[in-house]
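Protein chains in written order, with this note's numbering: chain Z, 1 to 555; chain P, 556 to 767; chain A, 768 to 965.
Scroll down for the structure; my scribbles are underneath it.
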Amino acid sequence: MTVDASRMAGSSIVVASQAVTSSADKALEVSTDRGSRSLETLCRLIVGLAAALALFGLSTPAKAVPSFARQTGQPCATCHTAFPELTPLGRRFKLNGYTITGGMEPTEAPPIAAMVVPTFTKTKVRQDSPPTNPDGYPIAHVNDNFIMQQASLFYGGKIYGNVGALAQGTYDKASQHTYLDNTDIRYTDTYTFDRLDVLYGLDVNNGPTVQDVWNTTPAWGFPYVASTIAPAFSPPLTQVENGWGGRSVGTGAYVFLNDMLYLEAAAYQNLSKGELNALGQTCPNNSDYVQNVAAWAALYYPPNQPYSSACASSSLTGASPYWRVAFEPRWGEHSLMLGAFGFYPQVLPGRVMGYGVDHYRDIGWDAQYQWINDEHAVTLQVTRISEMQNLQATYAQGIAAQAISALGVVNVFGVPPVTGNASSNPVDYLKSFKASAGYVWNRTISGTIAYFQINGSPDYTLYGNALISPGNSAVGLPNGKGLIFDAAYMPFSKGGPELWPWANAKLGLSYTHYLSLYGGTANFDGAGTYFNGSSWRSHTATDNNTLFLYSWVAF
Amino acid sequence: MKVVGLGLALQAAVLALATTTAGLAEERGGRPGFEAKVEYCKTCHGLSGEGYRGYYAMPRLAGQQPKYIENQLRAFIERRRVNPVMFNVAHVLTPTTLAALTTHFHELNPPPLGAAPRENIGLGRTIFEQGLPESNVAACSACHGPDAKGHEEIPRLAGQLYPYTVKSLTYWSKERGQGGQRDDTSAIMVVTTHNLTPAQISAIASYLAYLR
Amino acid sequence: MKRKRAALTLLAVAALAEAPALAQEQLPVRNCAWCHGPSAQGSGAAPRIAGQRASYIEKELLEFREHARDNPASKQYMWGATARLSPQAAHDFAQYYSALPAQPAEDGDGSLVESGKLIYEQGVPDANVVSCIVCHGPRGEGFDAIPRLGGMSYAYIKGRLEQWTKGYDASAHPMPIVSSKLSAADIEALASYVSFLK
């Protein structure tokens, strides 16, 4: 959902900010008095929210919320603690393929739902340049941004018989870009052998862990909503956490035995460039590649004739396996999940052929404890993902690039052949750790604290090095860690307002504090002090601290 | 009769209040004393004493002859009538409480529960009023009264629960008449019940179940 | 003789014809399995409904619908689940679930079983605690619309007994009166004993 969007946008921001030397960007900066503008945006946010709430009036008991609630007749609180975090019943609703009914008929309430997420983002220090979309156009201010971050339309519910789906289409107003977000279609059935109850399902989805039902896996993990335009720097993520959500198609099967043991196997395959474009997925372009193509096109195409710059993002080759195991015993009001998952993407870096394929091995361990009664809900989560990156193709491309540059090799068009990717090591490791503790009172007020940490092998090509190849890190490390604090108010989880009983809203405040980034705290990229448009400073981890207000309203 | 009964009830209540163990009541909740005991009986025997069909059928006590209730409670206590549950319930009753309870229930008069098959009510009425001379079964009304309301130690049958009446008539000897005491007239029913067929028992019980 | 045989045959046919035959495919049992577990043996806070008395299931479903049963869990989950339940569907669900085999939860405190059994069978006459056996039967089998208790989960029975002391679900006479006499220790013992009762 939104996390994917932020991660995708995040990677494009990282690419864009690396091209900060472009003078065009600087020229588009808006310079007004920051103080009055942030006050104005805050006022707009409050007025907007007040208007929305006034429209709703007093709440009515036990009426349902978007399409799942309409379909089952249950209030949000049955399946969610603080949406989208799931209760054991919510997990079982999803495992049953979204086909549980008991509420309104599809003719009365088609399985369509919508949500809007206006947000306000403020980083501790303004960004160096305005956030841009993948085509390089600025989409927001350098700080204090009030944007309609996301408007989504869902198909959520039973399709027919034992087939159900959750499909989401999202419009990001900031980048003015519509795309297919988290999508999951499944067929399920049950069978009982003597004392063994089997719930089995076949599933098609568009990203690893989109089909998972625990909030410890990346697609649906905390934080459930984050800014898509800030901060400029954030730690790198493992393959299963970032990069393939919405950009691949997975098919798999699972069984849930005796309401306790979950076993799943799936395979992820690539979406072609045409398919990606049709689904609205951006192709963040390798800037070297774009420059190469632009130079070639300038030579061979008449001026102003449109040409398509091929999407040069990485692609999956063949079928990349995925597996997931989870054991969730429940007793009374408690549940405990112990699980593991693995994802082995075979990646063609930059879609550049001829140098082989990168092999990644992601193994995750996760655990979640929940205590839920009708007043309190406590959720503790921990996830640890270890990634081995066999970067033989990336590494080979890097070596080739050095050779091409050293030998002055050019292709038939007179430009050096494309590689575009490189790494210092043929094999790297990356470990991602997340732990969170959340409490929800009466499904209405929630507070969560999370800690995240990334550690990895030093690689000066991938992460930069102040002496050899400037990049994000002065010391060539991806390491970063930080804390996320989140508080939210959900007035309608147990019943919606009279005017529209199925609505729900989450008004939240989130603060992310970076303890370190790219192996450092102050001047972590080694670029030293510079003038960022309003002050002299170096890139410091805490400069990226983000205050994020969101008003997540669902219909 | 009624005034004397009321006076007795009041006396019983005062005595019961004085003698009830306060400690138990505090621990377990519920008020001490006579009222609590009445409520206790009514939990199983119906809120107005009309009887209740659980796994076992708890008989109607409303309008029952006080002497009869007293006899039966004593029979339970002395194990002349075998019923583990009623033994437990009865053996903690003080004599004054016991007497007060009988008066209380005698004065209740809810409508009968009914809930009996209706096919053979006519036959049941015939047997009740005329007996079965060929089976050596006396007319019930001769002792129990034409309106089945009983007298002294002879119990009221009107409005009694169908399954309870059936069970009683079928298994009379198993549960009653064990001791042959002078006040226990249950032995008198042995011959009668022995001579009734199941169909006849069902008919009588159906008739009585709807009798006001 | 012929008439008797004919009558018997007619009775047999009538009996067979009356047997509720709503196939599993037609009843949306997955809506119940969602919370009550795949074999309806209970899951989390939702009780076992497999093997429960049909009249009781039917009565409770209609009480949820009428909002007569108002303890918090019922209000949160069952009111919504039964809002659109027709009386015929309630009857069909009841017939279906009452026929399923039931496993005892056996999740109570084993050391309290003896004292629980004592209260179950004899009550506590000194404290006006009625015995459970008279309505619920010697093995917790229940009768008609009086529920089967045998093997129900400790947490569920304990919760129900406590809810009645708090004034919820007053229409479940005589349970509120019964519960009001029980001490906390009694409830623990009873719930433990019942969870082992087969």
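Where is the CB? At the ideal position from N, CA and C, for every residue including glycine.
In this structure, how does DSSP classify residue i when only helix, strand and coil are distinguished?
{"i": "methionine 490 (chain Z)", "result": "coil"}
{"i": "isoleucine 139 (chain Z)", "result": "coil"}
{"i": "serine 457 (chain Z)", "result": "coil"}
{"i": "glutamine 870 (chain A)", "result": "coil"}
{"i": "glutamate 85 (chain Z)", "result": "coil"}
{"i": "aspartate 358 (chain Z)", "result": "strand"}
{"i": "serine 822 (chain A)", "result": "helix"}
{"i": "aspartate 911 (chain A)", "result": "coil"}
{"i": "tryptophan 502 (chain Z)", "result": "coil"}
{"i": "glutamine 619 (chain P)", "result": "coil"}
{"i": "aspartate 859 (chain A)", "result": "helix"}
{"i": "arginine 797 (chain A)", "result": "helix"}
{"i": "tryptophan 931 (chain A)", "result": "helix"}
{"i": "tyrosine 268 (chain Z)", "result": "strand"}
{"i": "threonine 72 (chain Z)", "result": "helix"}
{"i": "alanine 645 (chain P)", "result": "helix"}
{"i": "asparagine 532 (chain Z)", "result": "coil"}
{"i": "serine 690 (chain P)", "result": "helix"}
{"i": "glutamine 397 (chain Z)", "result": "helix"}
{"i": "phenylalanine 222 (chain Z)", "result": "coil"}
{"i": "glutamine 211 (chain Z)", "result": "coil"}
Determine the burial state of residue i: buried for a count of at least 16 other Cβ atoms within 10 Å of its Cβ, exposed for fewer.
{"i": "leucine 196 (chain Z)", "result": "exposed"}
{"i": "leucine 499 (chain Z)", "result": "exposed"}
{"i": "glutamine 855 (chain A)", "result": "exposed"}
{"i": "proline 710 (chain P)", "result": "buried"}
{"i": "lysine 933 (chain A)", "result": "exposed"}
{"i": "leucine 261 (chain Z)", "result": "exposed"}
{"i": "lysine 506 (chain Z)", "result": "buried"}
{"i": "serine 535 (chain Z)", "result": "exposed"}
{"i": "phenylalanine 154 (chain Z)", "result": "buried"}
{"i": "serine 878 (chain A)", "result": "exposed"}
{"i": "methionine 115 (chain Z)", "result": "buried"}
{"i": "isoleucine 756 (chain P)", "result": "buried"}
{"i": "leucine 407 (chain Z)", "result": "exposed"}
{"i": "aspartate 259 (chain Z)", "result": "buried"}
{"i": "glutamate 85 (chain Z)", "result": "buried"}
{"i": "threonine 251 (chain Z)", "result": "exposed"}
{"i": "alanine 354 (chain Z)", "result": "Reading off the sequence, residue 354 (chain Z) comes out as glycine, not alanine. Exposed: under 16 other Cβ atoms inside 10 Å."}
{"i": "arginine 673 (chain P)", "result": "exposed"}
{"i": "threonine 192 (chain Z)", "result": "exposed"}
Measure how close the beta-carbons of residue i and residue j come, nearest whole angstrom, since I'm counting them as under 8 Å.
{"i": "proline 478 (chain Z)", "j": "tyrosine 518 (chain Z)", "result": "7 Å"}
{"i": "aspartate 366 (chain Z)", "j": "threonine 383 (chain Z)", "result": "4 Å"}
{"i": "alanine 340 (chain Z)", "j": "glycine 364 (chain Z)", "result": "6 Å"}
{"i": "alanine 671 (chain P)", "j": "tyrosine 610 (chain P)", "result": "With 8 Å as the limit, alanine 671 (chain P) and tyrosine 610 (chain P) do not qualify as a contact, their Cβ atoms being about 18 Å apart."}
{"i": "cysteine 802 (chain A)", "j": "tyrosine 844 (chain A)", "result": "7 Å"}
{"i": "glycine 97 (chain Z)", "j": "glycine 73 (chain Z)", "result": "That belief does not hold up - the Cβ atoms of glycine 97 (chain Z) and glycine 73 (chain Z) are roughly 18 Å apart, past 8 Å."}
{"i": "proline 111 (chain Z)", "j": "glycine 156 (chain Z)", "result": "5 Å"}
{"i": "leucine 391 (chain Z)", "j": "valine 415 (chain Z)", "result": "The pair is not a contact, with the Cβ atoms about 25 Å apart (cut-off 8 Å)."}
{"i": "tyrosine 187 (chain Z)", "j": "asparagine 162 (chain Z)", "result": "6 Å"}
Mind checking who residue i pairs with in its DSSP beta bridge?
{"i": "valine 255 (chain Z)", "result": "Z:Tyr200, Z:Leu263"}
{"i": "histidine 513 (chain Z)", "result": "Z:Leu483"}
{"i": "tryptophan 371 (chain Z)", "result": "Z:His334, Z:Val378"}
{"i": "threonine 78 (chain Z)", "result": "None; threonine 78 (chain Z) has no bridge partner."}
{"i": "valine 325 (chain Z)", "result": "Z:Leu263, Z:Ala340"}
{"i": "proline 131 (chain Z)", "result": "The partner list for proline 131 (chain Z) (beta bridge, DSSP) is empty, contrary to what the question assumes."}
{"i": "glutamate 387 (chain Z)", "result": "Z:Asp362, Z:Leu430"}
{"i": "glycine 250 (chain Z)", "result": "Z:Asn205, Z:Tyr268"}
{"i": "phenylalanine 146 (chain Z)", "result": "Z:Phe120"}
{"i": "alanine 813 (chain A)", "result": "A:Ser810"}
Kindly examine the ligand FMN and report whether one of its heavy atoms sits closer than 8 Å to the Cβ of residue i.
{"i": "phenylalanine 222 (chain Z)", "result": "The ligand FMN is absent from the structure shown, which contains no ligand whatsoever."}
Check distances from the C-beta atoms of the stretch 895-920 of chain A to those of chain P and list, in chain order, the residues that come in under 8 Å. Of all residues in the stretch 895-920 of chain A, those with a C-beta nearer than 8 Å to a C-beta of chain P are Asn895, Val896, Val897, Ser898, Ile900, Val901, Cys902, His903, Gly904, Pro905, Glu908, Gly909, Phe910, Asp911, Ile913, reading in chain order.
With 8 Å as the C-beta to C-beta threshold (strictly closer), list the residues of the stretch 605-619 of chain P near chain A in chain order. So the list reads Tyr607, Arg608, Gly609, Tyr610, Tyr611, Met613, given in the order they occur along the chain.
Which residues of the stretch 796-822 of chain A have a Cβ closer than 8 Å to any Cβ of chain Z? Give them in chain order. Cβ contacts with chain Z: Arg797, Asn798, Ala800, Trp801, Cys802, Gly804, Pro805, Ser806, Ser810, Gly811, Ala812.
Between the stretch 677-695 of chain P and chain A, which residues of the former have a C-beta closer than 9 Å to a C-beta of the latter? If the cut-off is 9 Å between Cβ atoms, the stretch 677-695 of chain P has nothing near chain A.
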